[in-house]
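Participant: Quick one: this structure, given as structure tokens, is what I'll be asking you about.
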Amino acid sequence: MTLPAQVQIVEVGPRDGLQNEAVILPVETRARLIELLAHAGLRRIEAGSFVSEKAVPQMAGAAGVLASIRLLQKPRLAALVPNVRGFDAAAAAGVDEIAIFAAASESFSRRNLGCGIEESLGRFAGVAAAAKHAGLPLRGYVSCALGCPYEGEIELGRVTDVARRLNDLGCYETSLGDTIGVGTPLAARRLVERVAQSIPIERIAVHFHDTYGQALANIFACLEVGISVVDSSVAGLGGCPFAPGAAGNVATEDVVYMLHGCGVETGVDEGRLLEATRFISAILDRPPESKVARARLGSEALSRRPCAPNASSA
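Residue 109 is where the sequence shown starts when you use our numbering, and the numbers rise one by one after that.
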């Protein structure tokens, strides 16, 4: 078994995580979350998206979030955009990276983007050209890579085709997303191996949701075949507003704990990461989805609890 010596974590909680919350958090709160994540050592963070505020009101004020971040050393801050208009707004706000998202499912593409796969890729061609002109790195996502809420299982050839075309548009990295979390380790491994026949594996990342509790196992299976970039979300925030029943992203705390336990470097401080988890969980008034956070934060609470007299010792 061979694992990479180092794995880059792409933190997607401030965007992919919060966009599925019922509550709309203030700009200052979202900026503070990003600051805490950066203090924990996360160097690649999705700060938000420049999409229709009517469609995704949780991402309203993305420019204000970026302007409110106060860090001496900022991580690379990315923003998701659906079209050239979104790109222009993101670039004006000072993002470091642009992300675009296509689907391997025609039905999901139409419900999520309002157009089919071909039309969506046509729109992204304009974004890619604008990003190249502005000198901004471009990252791609492929949604529904292991299953679709409307079409079920997706053929690997369709995923590979969309990934290859995003790569051809100029995406330096393409993240394969199990949007509804139905994948299992062997399916995840086969997916990566198939796409790697068309794109160098060092340009592939993985993005797993944990609906069926398979995300960590899926990540490990992909690490074994050469993946070294993993998307995750603090406290396991997330889901998908266009994929009913989809659970949150795999929790950053759980991914980091697993990687560190396997001797893989991430550059992330687990203690400081839990500070970010504690912050956002308190804001949302619910416990984190992360198993590590529940264990660690639960232990802290137990240690602070006053000791009750032991009746049996009387």
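For every residue, glycine included, the Cβ atom is placed at its ideal position computed from N, Cα and C.
Quick check on the burial criterion: 16 or more other C-beta atoms within 10 angstroms. Buried or exposed for Pro165?
Facilitator: It is exposed - the Cβ of Pro165 has fewer than 16 other Cβ atoms within 10 Å.
Participant: Taking the alpha-carbon positions, what's the Val376 to His368 distance?
Facilitator: C-alpha separation (whole angstroms): 9 Å.
Participant: Less than 7 Å between C-beta atoms, sequence neighbours within five positions excluded: which residues of the same chain meet that for Pro183?
Facilitator: Around Pro183: Ala146, Leu150, Arg151, Arg152 and Ile153.
Participant: Which class does Val118 belong to by DSSP, given the choice of helix, strand or coil?
Facilitator: Strand at Val118.
Participant: Taking the C-alpha atoms as reference points, what is the distance between Glu218 and Arg386?
Facilitator: Note on residue identity: the sequence assigns Arg, not Glu, to residue 218. Cα to Cα, Arg218 sits roughly 37 Å from Arg386.
Participant: With a threshold of 7 Å, establish whether the CB of Glu154 neighbours any heavy atom of the ligand NAD.
Facilitator: This structure simply doesn't include the ligand NAD, nor any ligand for that matter.
Participant: According to the neighbour-count rule (16 or more other Cβ atoms, all chains shown, within 10 Å of its Cβ), is Glu281 buried or exposed?
Facilitator: It counts as buried.
Participant: Determine, using beta carbons only, whether Thr448 and Gly121 come nearer to each other than 8 Å.
Facilitator: Beyond the ends of the chain as shown, which are 109 and 422, falls residue 448; an answer cannot be given.
Participant: Going by CA-CA distance only, name the one from Leu246, Ala242, Ala384 and Gly224 that's closest to Leu188.
Facilitator: The shortest C-alpha separation from Leu188 is found at Leu246.
Participant: Per DSSP, what kind of secondary structure is Ser420 in: helix, strand or coil?
Facilitator: Reliability of the predicted coordinates at Ser420 is poor, the pLDDT of 38 falling under 50, and the value obtained from them is presented with this limitation in mind. It is helical.
Participant: Whole-angstrom Cβ separation of Val372 and Leu111, contact assumed at under 8 Å?
Facilitator: Sure, about 6 Å apart at Cβ, within 8 Å.
Participant: By alpha-carbon positions, which one of Ala236, Gly156, Glu226 and Cys370 ends up nearest to Asn191?
Facilitator: With distances taken between Cα atoms, Asn191 lies closest to Ala236.
Participant: With 16 as the cutoff for other CB atoms within 10 Å, does Val131 come out buried or exposed?
Facilitator: Counting Cβ neighbours within 10 Å, Val131 comes out exposed, since fewer than 16 surround it.
Participant: Look up Val250 in the DSSP assignment and say whether it is helix, strand or coil.
Facilitator: It is a strand residue.
Participant: To the nearest angstrom, how far is the alpha carbon of Ala233 from that of Arg404?
Facilitator: One C-alpha to the other measures close to 45 Å.
Participant: Counting only the same chain and skipping the five closest in sequence on each side, list residues whose C-beta sits under 6 Å from that of Cys330.
Facilitator: Correct list, in chain order: Ala296, Val300 and Val314.
Participant: Which runs of the beta strand (DSSP E) spanning at least 3 residues fall entirely within the stretch 199–279, listed in chain order?
Facilitator: With a minimum length of 3 residues, the continuous beta strand (DSSP E) runs that stay inside the stretch 199–279 are 205–211 and 246–251.
Participant: Rounding to the nearest angstrom, what Cα-Cα distance links Cys256 and Leu264 in this structure?
Facilitator: If I take the Cα positions, the gap works out to 13 Å.
Participant: Measure the CB-CB distance between Leu345 and Leu126 and report whether it falls below 8 Å.
Facilitator: Yes, the pair counts as a contact, with Cβ atoms nearer than the cut-off.
Participant: CB Arg266 to CB Ala212, shorter than 8 Å?
Facilitator: Yes, the Cβ-Cβ distance between Arg266 and Ala212 is below 8 Å.
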